[in-house]
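Chains as they are written, first to last, in this note's numbering: chain A, 1 to 178; chain B, 1001 to 1178.
Quick reminder that beta carbons are idealized off the backbone N, C-alpha and C, glycines included.
All of these numbers come straight from a predicted model, not from anything done at the bench.
Protein chains: 2
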Amino acid sequence: MADTPDGTTPLHEPSLDEQIAVYQREFQDLDPQVEKVVSALSRLNRRMNVAYGRQTAALGISNAEWEVLKALVLSGAPYRMGPSELAKQLGLTPAAMTHRIDRMTAEGLVTRERDESNRVRVIVELTDEGRSKWLDAMRAATVFEEDLLQDLSTAERGVLGDMLIRVLDRVEDLQSRA
Amino acid sequence: MADTPDGTTPLHEPSLDEQIAVYQREFQDLDPQVEKVVSALSRLNRRMNVAYGRQTAALGISNAEWEVLKALVLSGAPYRMGPSELAKQLGLTPAAMTHRIDRMTAEGLVTRERDESNRVRVIVELTDEGRSKWLDAMRAATVFEEDLLQDLSTAERGVLGDMLIRVLDRVEDLQSRA
DNA sequence: CCCGAAGACTTCATACCTAAAGTTCGATGT
DNA sequence: ACATCGAACTTTAGGTATGAAGTCTTCGGG
């Protein structure tokens, strides 16, 4: 039998407040307010990935493949990119991209061909079926995402988005220095 | 040579606003406000994982091992748990836990022994070295986390934390129904 | 008392990723 | 022209995850 990561089992964790209380006991210099934000972010992301995983699985693709479809659509028509650029955007090695493209080509989601004007380059292009899968996934995702934020007012959603972007800018800044 | 995921390469992505503009063009029914929140969350988490990965690598452990250390510390003294419970908290299969514990035992971070009062059970216990690694990782993490939120005032941090917890509660609720 | 079922882990086969070495094509300098 | 360097991808080796089957222990009903 399958065990946990099919998303069936409820991910039993201590409550967030409880977790922070224990950390404070075990580690003196802890700002509980910071920890609350960071832990909530981390848990939230895990839950969201589980949710997306269920949705993409229902469409017969994996989250990994969905990431590729998203990147290709984001590049705009005619939905073509090189493996290296895809790898860079997804944070993978080129080797991993090679294998992912193998699989997605076999499934008919993308095509791979050599660039005739520069035969070192390879061009990955979204197929109609790939684009259609992207649309299906997008429809499911937006329904879930709207549901996710249901308890926040429009004003609150705006505030949340703005704060998250400030934090995101901060971490991008930190990492470009390093 | 190593390529991307050592965290060296800058993860070239389109700007968030640009990304949302393209999605709106390609997919009519998109609430840009919701998408902004969700996309920021997703990017933020990837960046944070890269940052944690660098810190744990500098300590000679992996993020995966750090997760185990955290769960054990959270269980409180004497820092013992069974493999299944660890697997449930971390969202892994028991099979994966078995192998992780193998490695961590070999590295001296935990010990594994059979429970003598119920010989089906196994007890994983944090070693002094494991606890010390946890402390080191915690010190590095809190510095980074404080830095991450530096552009937010104390009041803003509180608001952000509260909103994230409301969203987290929502997604936990959604998943417990499913 | 013993048998069968359930529970807790482990083992096995397979999938996908990273790191590093290999291949092929294009650009550069003389 | 030609050799060399560098870029873009692929291949190979090895690690860690999943899913399913296997092992060992405990528990409850004939």
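Could you work out which residue in the options is closest to residue i when comparing CA atoms only?
i	options	result
Arg-1121(B)	Pro-1094(B), Leu-1160(B) and Gln-1033(B)	Pro-1094(B)
Thr-142(A)	Met-1081(B), Gln-1033(B), Glu-1067(B) and Asn-1063(B)	Gln-1033(B)
Leu-92(A)	Ala-64(A), Ser-42(A), Gln-19(A) and Met-138(A)	Ala-64(A)
His-12(A)	Pro-1078(B), Asp-1102(B), Ala-1155(B) and Leu-1090(B)	Leu-1090(B)
Tyr-1052(B)	Thr-1154(B), Ser-1015(B) and Ala-1140(B)	Ala-1140(B)
Ser-1084(B)	Ile-1123(B), Asp-1128(B) and Thr-1056(B)	Ile-1123(B)
Val-1038(B)	Glu-172(A), Leu-174(A), Leu-164(A) and Ser-176(A)	Leu-164(A)
Gln-28(A)	Ala-1155(B), Glu-1156(B), Glu-1145(B) and Met-1138(B)	Met-1138(B)
Met-81(A)	Arg-54(A), Asn-45(A) and Leu-126(A)	Leu-126(A)
Gly-1130(B)	Gly-1108(B), Leu-1148(B) and Ile-1101(B)	Gly-1108(B)
Val-110(A)	Glu-146(A), Asp-147(A), Phe-144(A) and Val-68(A)	Val-68(A)
Pro-78(A)	Gly-1158(B), Gln-1019(B), Glu-1146(B) and Glu-1026(B)	Glu-1026(B)
Asp-1173(B)	Tyr-23(A), Lys-88(A), Ser-42(A) and Arg-47(A)	Arg-47(A)
Lys-1070(B)	Asn-45(A), Pro-14(A) and Arg-177(A)	Pro-14(A)
Leu-149(A)	Ser-1153(B), Val-1171(B) and Ala-1155(B)	Val-1171(B)
Glu-1018(B)	Glu-116(A), Ser-42(A) and Leu-74(A)	Leu-74(A)
Phe-1144(B)	Gln-1055(B), Asn-1045(B), Ser-1042(B) and Leu-1044(B)	Gln-1055(B)
Asp-1147(B)	Gln-175(A), Leu-44(A), Glu-116(A) and Val-50(A)	Gln-175(A)
Ala-1155(B)	Val-159(A), Asp-128(A) and Glu-116(A)	Val-159(A)
Quick one: what's residue i bridged to in DSSP?
i	result
Leu-1126(B)	Val-1110(B)
Which residues in chain A sit within 7 Å of residue i, going by Cβ to Cβ distance?
i	result
Asp-1147(B)	Leu-174
Met-1138(B)	Phe-27
Ala-1155(B)	Per Cβ cutoff of 7 Å: no residues; Ala-1155(B) is ~10 Å from chain A at best.
Val-1037(B)	Leu-149, Arg-157, Leu-160, Gly-161 and Leu-164
List the endpoints of the continuous alpha helix (DSSP H) containing residue i.
i	result
Ile-1078(B)	Looking at the sequence provided, one finds Pro at residue 1078(B) rather than Ile. Per DSSP, Pro-1078(B) belongs to no alpha helix (DSSP H) and is neither H nor E.
Ser-39(A)	32-58
Ile-1020(B)	1016-1026
Leu-164(A)	154-177
Gln-1089(B)	1083-1090
Which residues in chain B sit within 8 Å of residue i, going by Cβ to Cβ distance?
i	result
Glu-13(A)	Gln-1089
Lys-133(A)	Within 8 Å Cβ-Cβ: nothing; Lys-133(A) doesn't reach chain B, min ~13 Å.
Gln-19(A)	Leu-1074
Leu-152(A)	Met-1163, Arg-1166 and Val-1167
Leu-44(A)	Leu-1041, Leu-1164, Val-1167, Leu-1168 and Val-1171
Val-50(A)	Gly-1091 and Gln-1175
Which residues in chain A have a C-beta closer than 9 Å to the C-beta of residue i? List them in chain order.
i	result
Ile-1101(B)	Chain A residues near Ile-1101(B): none, gap ~15 Å exceeds 9 Å.
Arg-1047(B)	Leu-168, Val-171, Glu-172, Leu-174 and Gln-175
Gln-1033(B)	Leu-149, Thr-154, Arg-157, Gly-158 and Gly-161
Measuring CB to CB, does residue i end up less than 7 Å from residue j?
i	j	result
Leu-1086(B)	Met-1104(B)	no
Gly-76(A)	Lys-1036(B)	no
Leu-997(B)	Asp-1136(B)	Nothing in the structure corresponds to residue 997(B), since chain B is present only between 1001 and 1178.
Ala-57(A)	Leu-1168(B)	no
Asp-1151(B)	Arg-157(A)	no
Ile-181(A)	Arg-114(A)	Any property of residue 181(A) remains undetermined from this structure, which presents chain A solely from 1 to 178.
Tyr-1023(B)	Leu-1030(B)	yes
Lys-1133(B)	Ile-1020(B)	no
Asn-45(A)	Asn-1045(B)	yes
Mind listing the chain B neighbours of residue i? Cutoff is C-beta to C-beta under 7 Å, in chain order.
i	result
Ala-40(A)	Gly-1161, Leu-1164, Ile-1165 and Leu-1168
List the residues of chain A that residue i touches, going by C-beta distances under 8 Å, in chain order.
i	result
Leu-1016(B)	Ile-165 and Leu-168
Val-1022(B)	Val-73, Leu-74 and Gly-76
Output, in chain order, the set of chain B residues within a Cβ distance shorter than 9 Å of residue i.
i	result
Leu-30(A)	Met-1138 and Thr-1142
At a cut-off of 6 Å, would you count residue i as near the ligand PLP, judging by its Cβ distance to the nearest heavy atom?
i	result
Ser-1153(B)	Ligands are entirely absent from the displayed structure, and the ligand PLP is therefore not among its contents.
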